[in-house]
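Scroll down for the structure; my scribbles are underneath it.
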Amino acid sequence: MSIRHGLLALLSKGPRYGYQLRVEFEASTGATWPLNIGQVYTTLSRMERDGLVAPGGTDDQGRAVYTITEAGRDELGRWFSTPVDQAGRPRDELVIKVAMAVAMGGVDVQAVILAQRMAAMRTLQDLTRAKRAASGEPAERLVLDSLIFKAEAEQRWLDHCEAVLREKRS
Amino acid sequence: MTVVKLRDVTRVHGDVHALKGVSLDVARGELVAVMGPSGSGKSTLLNVAGGLDRPTSGSVTIGDTDVATVKDLSALRRREVGYVFQDLNLIPSLTAAENVMLPRELDGVRTGRARTEALDALTEVGVREVADRFPEELSGGQRQRVAIARALAGERRLLLADEPTGALDTATGDDIMRLLRERCDAGAAVLLVTHEPRYAAWADRVVYLRDGEIADAAAVRLESAR
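Have a look at this one:
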């Protein structure tokens, strides 16, 4: 997840100070990925080193603000226009676990699948409650929907595992 | 307060054991979702819980009434139970309001009162303005709301829904679930059959059926329960 590009996107709307960036980042992603303030400052100083942002003096209350540079705007444009690489995802423990359970024999695969299914359902229930309680801001809603769709995809895959294994048995 | 109670219910069709000893309670204000692969007994469970079908053994209690003691199941159903199906069964030649009124009129309620109830129910589900339009003039989401209004009109507080989000897109499906959830929070008991995890997740409890038995149930964590 790119904190760097998220912060650049916020800075493209105007100069901001660190704490403000953290609050706005969390607001626009529905507080789904909490940021700590240390991450914000570490990221800002790396981006300053890379010439993507520049210190912009202090605001009227003496807080150090950052501005986006021309190179920063180019980088942000590149980010928005490039699809996210799907191959960079880490190995999926669930897939490995189910594959191993099937390959080994002697493991109750149905029980493995059911336990996962119930856990995934509880996650979905929590996400749905968060969505019901959400403010209705489209950005926040879409972030929660993304997590809901992912949890749903896992359920579908588990359905598929059960169906394939049932066919195998009969 | 329990609205529907199933105890060790079995249902045998010929030599097929559709349900093999299911126990389940749905209380006022509770939304329970039933999931499971096709052939797992979901629809049989719904039919038995709503008095559309009688169990082979075990007991079903709707409100205060043990279904086994009832001769005329259809009267009990009309009084206590509302249904929402995937194919909505709205009658094309009747307006939205008339569709909602129909089951009440069949039950002997006078036209004037049935219309008042129908308009109240349509208001509750947010489509009062389409009362005098015909089904074909409504969007899919509006039709589904009318079907839910029909299921809720009168005093019925048990709502059975079989894939009520049917062919709706996910945003409209979410609206329908939000509506069912609100009806629950207002005191209805809802038993929902769905194969869509995203809709099941609106429930307080999700029951997973496999081969006619409850394999497991996921409840909302206690600290977040109402």
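Chains A and B supply the protein sequences, listed in that same order.
Using the UniProt record's numbering, count along the first sequence one by one with no gaps and you end on 170.
Using the UniProt record's numbering, count along the second sequence one by one with no gaps and you end on 226.
For each residue, glycine too, the CB sits at the ideal point set by N, CA and C.
Note that the structure is predicted; figures quoted are calculated from it, not measured.
Item to check | Closest Cα partner of Ala163/A within the set Ala133/A, Val109/A, Ala71/A | outcome: The residue given as residue 163/A occupies position 163 in the first sequence. Nearest of Ala133/A, Val109/A, Ala71/A to Ala163/A, Cα basis: Val109/A.
Checklist entry - Under three-state DSSP, which class holds Glu213/B? => result Here residue 213/B refers to the residue found at position 213 when the second sequence is read from its first residue. Here Glu213/B sits in strand by DSSP.
Checklist entry - Any idea if Ala121/B is buried or exposed, counting beta-carbon neighbours within 10 angstroms, 16 or more meaning buried? => result Here residue 121/B refers to the residue found at position 121 of the second sequence. By the 10 Å Cβ count, Ala121/B comes out buried.
Checklist entry - Would you report the Cα separation of Leu19/B and Leu180/B, rounded to the nearest angstrom? => result Counting from one through the second sequence, the residue named residue 19/B turns up at place 19. Counting from one through the second sequence, the residue named residue 180/B turns up at place 180. Looking at the two C-alpha atoms, the distance is approximately 26 Å.
Checklist entry - Candidates Thr32/A, Asp50/A, Gly57/A: which alpha carbon is nearest Gly18/A's? => result Position 18 of the first sequence holds residue 18/A. Nearest option by C-alpha distance: Gly57/A.
Next on the checklist: Below 9 Å on C-beta distance, what does residue 173/A contact in chain B?
Outcome noted: Lying outside 1 to 170, the shown extent of chain A, residue 173/A is not represented and no answer is given.
Next on the checklist: Determine, for Asp108/A, whether the minimum Cβ-Cβ distance to residues of chain B falls below 9 Å.
Outcome noted: Mapped onto the first sequence, residue 108/A falls at position 108. Not closer than 9 Å to any Cβ of chain B, the Cβ of Asp108/A fails to qualify, so no.
Checklist entry - Where are the beta strand (DSSP E) runs, 3 residues long or more, that stay fully inside the region 1 to 48 of chain B, in chain order? => result 2 to 13, 16 to 27, 31 to 35
Next on the checklist: Any beta carbon from chain B within less than 9 Å of Met100/A's own beta carbon?
Outcome noted: Numbered from 1 along the first sequence, position 100 holds the residue referred to as residue 100/A. It does not; no Cβ of chain B falls within 9 Å.
Next on the checklist: I'd like to know if Thr128/A contacts chain B, where contact means its C-beta is closer than 9 Å to some C-beta of that chain.
Outcome noted: The residue you call residue 128/A lines up with position 128 of the first sequence. Closer than 9 Å: yes.
Next on the checklist: Quick check: the region 54 to 63 of chain B against the region 1 to 16 of chain B, are at least 3 beta-carbon pairs closer than 8 Å?
Outcome noted: yes
Checklist entry - Under 9 Å Cβ-Cβ, which residues of chain A neighbour Val206/B? => result As a first step, residue 206/B is located in the second sequence; it is residue number 206 there, counting from the start. Going along chain A in sequence order, the residues near Val206/B (Cβ under 9 Å) are Met118, Met121, Arg122, Leu124, Gln125.
Item to check | Selection from Asp53/B, Thr65/B, Gly126/B, Leu90/B that minimises the alpha carbon distance to Val3/B | outcome: Taking the second sequence and counting its residues from 1, one reaches residue 3/B at position 3. Comparing Cα positions, the closest option is Thr65/B.
Checklist entry - Is Leu24/B closer than 9 Å to Val207/B when the C-beta atoms are compared? => result Start at 1 with the first residue of the second sequence, and residue 207/B comes out as number 207. Start at 1 with the first residue of the second sequence, and residue 24/B comes out as number 24. Yes, they are a contact pair.
Checklist entry - Grouping DSSP H, G and I as helix and E and B as strand, with all else coil, what is Gly166/B? => result By one-based count along the second sequence, residue 166/B stands at place 166. In the structure shown, Gly166/B sits in coil (DSSP, three-state: anything other than H, G, I, E or B).
Checklist entry - Does DSSP put Ile91/B in a helix, a strand or coil? => result For the purposes of this step, residue 91/B is taken as residue 91 along the second sequence, with counting starting at 1. DSSP places Ile91/B in coil when its eight states are reduced to three.
Next on the checklist: Buried or exposed for residue 171/A, going by 16 or more other Cβ atoms inside 10 Å?
Outcome noted: In the structure as shown, chain A starts at 1 and stops at 170, and residue 171/A therefore has no counterpart that could be examined.
Checklist entry - Pro197/B touches chain A at which residues, Cβ-Cβ below 8 Å? => result Looking up residue 197/B in the second sequence gives position 197. In chain order: Ala120, Met121, Leu124, Ala151, Glu152, Gln155, Arg156.
Next on the checklist: Using a Cβ-Cβ cutoff of less than 6 Å, which residues in the same chain neighbour Phe25/A once the five nearest sequence positions on both sides are dropped?
Outcome noted: The residue given as residue 25/A occupies position 25 in the first sequence. Closer than 6 Å at Cβ, skipping near neighbours: Gly6, Leu35.
Checklist entry - Would DSSP call Pro55/B helix, strand or coil? => result Translated into the one-based positions of the second sequence, residue 55/B becomes position 55. Reduced to three states, the DSSP call for Pro55/B is coil.
Checklist entry - Using 8 Å as the Cβ pair cut-off and three pairs as the minimum, do the region 96 to 115 of chain A and the region 137 to 147 of chain A touch? => result no
Checklist entry - Does the pairing of the region 121 to 131 of chain A with the region 199 to 216 of chain B give three or more beta-carbon distances under 8 Å? => result yes
Next on the checklist: Tell me which residues share the same chain as Leu11/A and place their Cβ nearer than 8 Å to its Cβ, disregarding the 5 neighbours each side in the sequence.
Outcome noted: Sequence index remark: in the first sequence, residue 11/A carries index 11 (1-based). Leu21, Val53, Tyr66, Thr67, Ile68, Gly72, listed in sequence order.
Item to check | Residues bridged to Asp72/B (per DSSP) | outcome: The count along the second sequence starts at 1 and reaches residue 72/B at position 72. DSSP, once it has assigned bridges, lists no residue as partnering Asp72/B.
Next on the checklist: What does the Cβ neighbour count give for Ala33/B, buried or exposed, with the cut at 16 atoms within 10 Å?
Outcome noted: Counting from 1 along the second sequence, the entry for residue 33/B is found at position 33. Ala33/B is buried by the Cβ-count criterion.
Next on the checklist: Relative to the C-alpha of Ala151/B, which candidate in Val130/B, Asp132/B, Ala97/B, Met1/B has its C-alpha closest?
Outcome noted: Looking up residue 151/B in the second sequence gives position 151. When only C-alpha atoms are compared, the closest one is Ala97/B.
Checklist entry - Who does Arg205/B pair with in a DSSP beta bridge? => result Taking the second sequence and counting its residues from 1, one reaches residue 205/B at position 205. Note: Arg205/B sits in a beta bridge opposite Val32/B, Ala219/B.
Item to check | Beta-carbon proximity check, Arg28/B vs Ala161/B, cutoff 9 Å | outcome: The residue labelled residue 28/B in the question sits at position 28 within the second sequence. The residue labelled residue 161/B in the question sits at position 161 within the second sequence. No, the pair does not count as a contact, with Cβ atoms beyond the cut-off.
Checklist entry - Among the residues of its own chain, which have a CB less than 8 Å from the CB of Thr43/A, if the five just before and after it don't count? => result In the first sequence, the residue the question calls residue 43/A occupies position 43. Counting only Cβ-Cβ distances below 8 Å, and skipping sequence neighbours, we find Ile3, Arg4, Leu7.
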